[in-house]
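Put into structure tokens, the structure is as follows:
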């Protein structure tokens with residue numbers, strides 16, 4: 001999956017994500033190398049998810065050091 005596709009899916013402005021966020025109670029993130037191809041690719045996926053979704057969701061776009 002391309003970086004751009006991941007960013008589009010996890011964008012908080014995305015109608016699907018708005019629907020999910022209203023209903024979500026928890027989340028598990030599994031970055032299995034058998035699906036991504038390597039540990040490096042798993043971490044790249046996690047970094048995209050963190051920067052484009054988790055930080056915006058939990059810290060209103062601020063990094064931990066800025067809070």
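Residue numbers (the UniProt record's numbering): 1 to 67. Heads up, the beta-carbon is just placed ideally off N, CA and C, and yes, glycines get one too.
Asked                                                                                                                                            : Found
Would you identify the three-state DSSP class for residue 29, choosing helix, strand or coil?                                                    : coil
So, are the CB atoms of residue 7 and residue 52 less than 8 Å apart?                                                                            : yes
Under 8 Å Cβ to Cβ from residue 50, same chain only, skipping five residues before and after it: list those, please.                             : none
Given residue 14, which residues of its chain have a CB within under 8 Å of its CB, disregarding the five upstream and five downstream residues? : 8
Quick one: what's got a C-beta closer than 7 Å to residue 36's C-beta in the same chain, skipping five residues either side?                     : 42 and 45
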